[in-house]
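Numbering (our numbering), first residue to last: 106 to 295.
All C-beta atoms, glycine included, are put in the ideal place defined by N, C-alpha and C.
Right, one structure below, let's go through it.
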């Protein structure tokens, strides 16, 4: 059940089988139905999730109740609210399953214990955070330096699963355009 995570860890850090088995024992399965929340704004985040299957989105609500999608998390990626997890303060973001999703979650206390007990796991955590930072920097640059059409074409080439699986309103929000504009873009490109 934890084969994907096992392989990811083994390919990222040097770790003994015994330590790897202990590390994996701390991850517990969690199933999310479509549209179920992993985290709601206003609640503290105490877990990090590894996505085995499914698709999640991170979004914010403004004062008018409008949603802005900022990120999609795919299988073999980690998802959490780093700001809430590290500060202990309530999250400002929501994390919701777009598709039914199977997660492996580790509690913050178990993660901190793991870092102390097996120092090489700190390297794994650092690399996972660095990978997410790179993805977010690329997203910011793409958003600031490219038109909506260029952003959509980038998604078509680099993340076609998002084009196929994500509902139109979430995809439009992620691209920073209206659903109507996205529909026009789709017609123009195809």
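A residue is called buried once 16 or more other Cβ atoms fall within 10 Å of its Cβ, and residue 150 is buried on that count.
Going by beta carbons, residue 146 and residue 112 fall outside the 8 Å limit. Assigned with DSSP and collapsed to three states, residue 110 falls in helix.
Between residue 160 and residue 270, the C-beta gap is smaller than 8 Å, which places the two residues in contact. The alpha-carbon of residue 174 is positioned some 20 Å away from that of residue 181. The Cβ atoms of residue 267 and residue 276 sit closer than 8 Å to each other. In this structure, the beta-carbon distance from residue 114 to residue 153 does not fall below 8 Å. DSSP places residue 207 inside the beta strand (DSSP E), whose first and last residues are 199 to 212. Taking a cut-off of 8 Å on C-beta distances, the region 116 to 135 touches the region 220 to 227, as three or more cross pairs fall below it.
The C-beta distance from residue 110 to residue 129 rounds to 7 Å, short enough to meet the 8 Å contact threshold. Residue 237 is bridged by DSSP to nothing; it lacks a bridge partner.
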